[in-house]
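Undergrad:
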Amino acid sequence: MSDDYGYDYEDDSPYDRETEYGAGDADVPDGNYGADGAGASRDGGRGPERTFAALPPAQGRGFATSWWGRAWLQALEDTALDGQQLKQGRQLARRGGVGAVSVRPGRITAMVRDRDGTAHRSDVLLQQLGAGAWDRFLDMAVDRAGHIAALLDREMPTHLVEDAAGAGVELLPGIGDLEPECTCGAWDHCPHTGALCYQVARLLDEDPFVLLLMRGRDERRLLDELQVRSAARAIRLGDGAAAEATDDAEREVHGVPAGEAFGAAGILPPLPAPPSAPDTPGLGPSLDTETPPPPGIDPAVLEVLAADSAVRAHRMLLDALAPGHEEQPFPVELTPRQDAVRLAADARPDARVGARLASGSGRAPADLDAAVRAWRYGGVPALAVLDEEWAPDPEDLGRARARLDEAWEAGERPALRASGRARWTVAGADLQLRLDRDGRWWPYRKERGRWVPAGPADDDPAGALAGAEEGGAADGRSGAGTAI
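With the working numbering applied, the sequence shown corresponds to residues 31 to 514, in that order.
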């Protein structure tokens with residue numbers, strides 16, 4: 031079967047076809063671009079091309095399931111300045127508004143139709159790899175046959191991308207690498223180029239060679255060049271390098287002799303310093319999609335859990351890098367009731383998710399608010415003071431009363447009345463002191479008829495009460511801080 035240009039192609043796949051337009055090295059266009067081809071054109075000119083038939087609507091599924099397909103979409107979302115335009119592009123792609131997709135070196139093209147049927151030609155340009163970069167990639171691939179086997183299985187393992195990056199070859203696009211062109215006149219990614227990129231993510235899921243074609247080489251040419259290099263490598267090994275290769279293989283299996291490693295210690299460079307920890311936790315994913323979730327799945331709750339995981343991971347990293355971390359005791363495992371409070375304090379969920387946390391932890395929403403405040407003032411010990419009323423023995427109670435007598439100068443102590451076994455309320459004011467089992471004092475304030483934490487613990491009851499007064503004055507609450 032032949033195409034409009036008189037070239038034959040095999041029509042053995044309903045999914046795509048491949049045609050050849052012209053000869054020559056598509057990734058080294060005319061002109062002086064340097065030894066590495068770093069100035070290679072994004073357009074690609076005439077070269078190998080694959081055309082993929084329009085895909086059916088993507089109802090009920092994501093646009094990318096492979097990690098490299100998601101990396102492609104991440105580059106798009108990092109590049110686009112208007113998230114609303116991308117959302118419209120997802121909708122266009124999801125309902126089947128993207129026509130046949132043409133993929134060739136440096137460029138992807140498709141006709142994209144708006145909801146009213148208006149068609150726009152949309153292109154997305156991607157920088158091709160230069161001749162030097164392809165040489166390094168092919169040399170790396172010949173030395174690691176597993177990479178090519180994975181590609182032939184339509185897989186792109188992470189170590190292939192990592193090894194390529196180690197050779198100075200960036201296969202996957204990054205921020206700013208996907209350059210849009212559209213007849214609608216938009217200068218940034220519009221709904222049409224966004225829809226094209228979302229559709230191409232589905233193609234990448236099926237065949238990572240689509241990405242390599244965009245970077246400048248089609249599958250047939252790549253495999254031919256790899257076969258040539260593999261044969262040349264076999265000849266070199268047969269000419270005298272076989273013994274050395276055998277030694278290297280044995281060394282790879284059995285390790286380095288201890289004497290050799292000891293002798294090289296003085297000439298090996300020092301290990302690089304570990305990277306510094308990020309200043310803030312990473313942002314969680316947005317699960318706001320047009321596809322309804324399965325029954326029993328709440329996307330808002332999943333977003334809260336993902337954001338909480340980022341916060342906890344960041345905190346654990348900071349703790350691990352802190353001096354003396356190895357001497358610190360293991361953290362106490364939280365109960366589900368305590369962890370619900372920690373989650374509400376860290377993730378700051380909306381009212382609906384907060385109500386679910388309150389119900390799951392056996393608290394009313396107002397009680398959860400008070401518990402969150404306690405957690406932020408002092409974690410598990412502060413929660414214990416809020417939730418539990420303990421009974422000091424006579425000796426502890428005597429020491430507490432003596433501490434209250436000594437905390438203020440003569441005549442300055444507020445009138446205190448016992449309000450429980452380890453609680454004292456300021457007469458005429460909505461302020462209270464609570465004593466914990468470690469001898470620390472926690473200030474409380476009455477708000478809307480409920481006692482809530484008003485500050486962190488203090489070894490001095492006067493200091494704890496003063497902190498509660500200052501907080502009440504700053505908040506403009508009447509009655510707080512007027513008794514002393």
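From the three backbone atoms N, C-alpha and C, an ideal C-beta is built for every residue, glycine too.
If we call anything under 9 Å between Cβ atoms a contact, is ILE138 one with LEU116?
TA: No, Cβ-Cβ distance for ILE138 and LEU116 is not below 9 Å.
Undergrad: Taking the alpha carbon of ARG431 as the point to measure from, which residue in ASP490, ASP376 and PRO411 has its own alpha carbon closest?
TA: Closest by alpha carbon: ASP490.
Undergrad: Please go through the same chain and pick out, in chain order, the residues whose beta-carbon is closer than 6 Å to the beta-carbon of LEU106, but skip the five residues on each side of it.
TA: These residues qualify, in order along the chain: LEU208 and CYS227.
Undergrad: Per DSSP, which one or two residues make a beta bridge with HIS189?
TA: DSSP, once it has assigned bridges, lists no residue as partnering HIS189.
Undergrad: So, with DSSP's three-state summary, where would you put ALA149?
TA: Correct three-state label for ALA149: strand.
Undergrad: So, with DSSP's three-state summary, where would you put ILE265?
TA: The answer is helix: DSSP assigns ILE265 an H, G or I state.
Undergrad: Do VAL383 and VAL456 have their beta-carbon atoms positioned less than 9 Å apart in this structure?
TA: The answer is no: Cβ separation not under 9 Å.
Undergrad: Measure from the alpha carbon of ALA452 to the alpha carbon of each residue in GLU419, ALA262 and ARG429, then state which is nearest.
TA: Selected option, being the one with the closest Cα: GLU419.
Undergrad: Which residue comes first and which comes last in the alpha helix (DSSP H) that contains ARG431?
TA: Run containing ARG431: 424–436, per the alpha helix (DSSP H) assignment.
Undergrad: When the Cα atoms are used, what is the spatial distance from ASP73 to HIS222?
TA: Because ASP73 sits at a pLDDT of 44, beneath the cut-off of 50, its placement in the model cannot be relied upon, and the following sentence gives the value as read from the coordinates. Approximately 19 Å between the Cα atoms of the pair.
Undergrad: Are ARG393 and ARG367 touching if we call contact CB-CB under 9 Å?
TA: Contact flag set, yes.
Undergrad: In its own chain, which residues sit with a C-beta less than 8 Å from the C-beta of LEU241, not counting the 5 before and 5 after it?
TA: TRP98, TRP102, MET186, LEU201, LEU202 and LEU234, listed in sequence order.
Undergrad: Give me, in chain order, the residues of the same chain whose beta-carbon lies closer than 6 Å to that of ALA231; leave out the 5 immediate sequence neighbours on both sides.
TA: So the list reads PHE93, ALA94, GLY99, TRP102 and LEU103, once near-sequence residues are dropped.
Undergrad: With DSSP as the reference, please indicate the residues paired to PRO444 in a beta bridge.
TA: Answer is none; PRO444 lacks a bridge partner.
Undergrad: Quick check on GLU200: does DSSP put it in helix, strand or coil?
TA: Coil, per DSSP.
Undergrad: Out of THR319, GLY246, GLY428 and GLN229, point me to the one whose CA is closest to ALA161's CA.
TA: Taking only the C-alpha atoms, the option nearest ALA161 is GLY246.
Undergrad: Just to confirm, are ALA487 and TYR474 a CB contact at a threshold of 9 Å?
TA: For ALA487 and TYR474, no; Cβs fall outside 9 Å.
Undergrad: Does the separation of the CB atoms of ARG145 and GLY127 fall below 9 Å?
TA: Yes, the Cβ-Cβ distance between ARG145 and GLY127 is below 9 Å.
Undergrad: Which residues mark the beginning and the end of the beta strand (DSSP E) in which ARG453 is found?
TA: Segment 453–456, the beta strand (DSSP E) holding ARG453.
Undergrad: With a threshold of 8 Å on Cβ separation, who are the neighbours of GLU320 within its own chain once the five nearest residues in sequence on each side are excluded?
TA: Around GLU320: ARG120, GLN121 and ARG124.
Undergrad: For TRP420, name the three-state secondary structure that DSSP assigns.
TA: In the structure shown, TRP420 sits in coil (DSSP, three-state: anything other than H, G, I, E or B).
Undergrad: Output needed for PRO87: all residues of its chain with C-beta closer than 8 Å, excluding positions within five of it in sequence on either side, in chain order.
TA: Taken in chain order, the residues that qualify are ARG124, ARG125 and GLY126.
Undergrad: State the Cα-Cα distance for the pair ARG378 and ASP417, rounded to the nearest angstrom.
TA: Going from the Cα of ARG378 to the Cα of ASP417 covers about 21 Å.
Undergrad: If I follow the unbroken alpha helix (DSSP H) through GLN229, where does it start and stop?
TA: 221–236 is the extent of the alpha helix (DSSP H) around GLN229.
Undergrad: Which word fits HIS355, buried or exposed, when buried means at least 16 other C-beta atoms lie within 10 angstroms of its C-beta?
TA: Counting Cβ neighbours within 10 Å, HIS355 comes out exposed, since fewer than 16 surround it.
Undergrad: Bridge partners of TRP472, per DSSP?
TA: Per DSSP, ARG464.
Undergrad: Determine the DSSP secondary structure at ALA2, reduced to helix, strand or coil.
TA: No answer is possible for residue 2: the residues shown for the chain start at 31 and end at 514.
Undergrad: Are ASP466 and ALA414 touching if we call contact CB-CB under 9 Å?
TA: A contact, by the Cβ cut-off of 9 Å.
Undergrad: Provide the residue(s) that pair with ARG212 in DSSP beta bridges, ordered along the chain.
TA: Before going further, note that residue 212 is Cys rather than Arg in the sequence given. Answer is SER152, bridged to CYS212.
Undergrad: Rounded to whole angstroms, how far is the Cβ of ARG403 from the Cβ of VAL482, which I believe are closer than 8 Å?
TA: ARG403 to VAL482, Cβ: 6 Å. Contact.
Undergrad: Does the beta-carbon distance from ASP426 to GLY493 come in below 9 Å?
TA: Going by C-beta atoms, ASP426 is not nearer than 9 Å to GLY493.
Undergrad: With DSSP as the reference, please indicate the residues paired to ALA140 in a beta bridge.
TA: ALA140 pairs with SER152.
Undergrad: Taking ALA262 as the reference, which of ALA437, ALA110, ASP169 and TRP471 has the closest Cα?
TA: Closest option to ALA262, Cα to Cα, is ASP169.
Undergrad: Kindly indicate if chain B contains any beta-carbon less than 9 Å away from that of GLU200.
TA: Checking the listed chains, one finds no chain B in this structure; it contains a single protein chain.
Undergrad: Out of curiosity, what's the CA-to-CA distance linking GLY479 and ALA396?
TA: Using only the alpha carbons, I get a separation of about 11 Å.
Undergrad: Would you tell me roughly how many angstroms separate the C-alpha atoms of HIS177 and VAL258, rounded to the nearest one?
TA: So the two alpha carbons sit approximately 17 Å from each other.
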